[in-house]
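Residues 248 to 508, numbered by the numbering used here, are exactly what the sequence shown covers, in order. In this text, a Cβ means the ideal position worked out from N, Cα and C, and glycines have one as well. Heads up: the structure comes next, in structure tokens.
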Amino acid sequence: MQCLGILGVGELTEKVVHGLRRSGFDGRIVLSPRNAQRAQALASGYDCEVMSDNQSVVDHADLIILGVRPESLSELVAQVRLRPGQCLVSLLAGIGLDQLSTAFEGARCVRVMLSYAAQFNQSTVVVCPADNLAQQWLGPLGKLVVLEDESSFELATVAACMNGWFYFLLHDLQQWLCDRGLPANQARDLVLGNLQDCLSSAREQPELTLKALGQAIATPGTFTAEGLAVLMHQPVSATWGAACEVVLDALLTRAQTPDDH
248 MQCLGILGVG ELTEKVVHGL RRSGFDGRIV LSPRNAQRAQ ALASGYDCEV MSDNQSVVDH
308 ADLIILGVRP ESLSELVAQV RLRPGQCLVS LLAGIGLDQL STAFEGARCV RVMLSYAAQF
368 NQSTVVVCPA DNLAQQWLGP LGKLVVLEDE SSFELATVAA CMNGWFYFLL HDLQQWLCDR
428 GLPANQARDL VLGNLQDCLS SAREQPELTL KALGQAIATP GTFTAEGLAV LMHQPVSATW
488 GAACEVVLDA LLTRAQTPDD H
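Below, the structure written as structure tokens:
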């Protein structure tokens, strides 16, 4: 029977377990014991096994998901030894393949970036480099994007941060509607519905740029164009771009200081 091991049972790896079981994965899932309450909840609700220590997770698993915090990596490295060629999927942002290969000598290391939407099998699942086993096991969590170089993967990490930022923008738009008298649930439905409309149109028309899709709606004389003129006069895109640069700089700085780990 195939066995998935998880080193670091946290918010994100919990969502991965939910999504895998939801997709029909019926193999063994073994968990590290440190976050006992969360691990036990997964054991009870999602047919997982909590192991006695981290090495036991490694010994039983065909594929290992690494989900500890980056600052805890050195502690974990001292506790485990992977088998030659064993597949290690790292969810640690900013920890490069060279660092992982040094820390887990002989392992086949793969970097993966995904979101909390994995629990609903709707995440973007970024894999670097291509790895058949990692793609087979994690593909059911959403849409696979396979990258071959780490510079592209770091940009994908910045894009993943946008996932969190979008919620704050959507909240502000919902709040504007609420402040003018719309019930919160209806305001939420309108904001999310219009966002879904954009996503559906964009996915169905890949030959068109995102800007072209917007221009087709915001034609001269429309209310959309009138509001767009205000947004372009005070563009928030510059602020979002600055946020992206800050995240990318932080990622690259971490990758260049392996002695921290």
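Every alpha helix (DSSP H) of 4 residues or more that sits fully in the segment 284 to 352 is shown, in chain order, as 301 to 307, 320 to 324 and 344 to 350. The three-state secondary structure of Thr371, taken from DSSP, is strand. About 4 Å separates the beta carbons of Val315 and Gly255, which is inside the 8 Å limit, making them a contact pair.
In this structure the segment 484 to 495 does not touch the segment 319 to 338; the number of beta carbon pairs closer than 8 Å is below three. Within the model, the alpha-carbon separation for Ala354 versus Thr469 is close to 58 Å. Taken through DSSP and simplified to helix, strand or coil, Leu478 comes out as helix. Counting only runs of at least 3 residues, the segment 372 to 412 fully encloses the following beta strand (DSSP E) elements, listed from N- to C-terminal order: 389 to 393. In this structure, Gln462 is the residue among Gln462, Thr486, Gly488 and Trp487 with its C-alpha nearest to the C-alpha of Ala476.
Shown here, Leu455 sits in coil according to DSSP, grouped into three states, outside any helix or strand.
In the structure shown, Gly488 adopts helical secondary structure according to DSSP, grouped into three states. Taking a C-beta distance under 9 Å as the contact criterion, Tyr293 and Val324 do not qualify as a contact pair. With a cutoff of 9 Å on beta-carbon distance, Ala340 and Cys375 are scored as not near each other. Nearest Cα to Ser299 within the set Ile312, Leu313, Leu310 and Pro280: Pro280.
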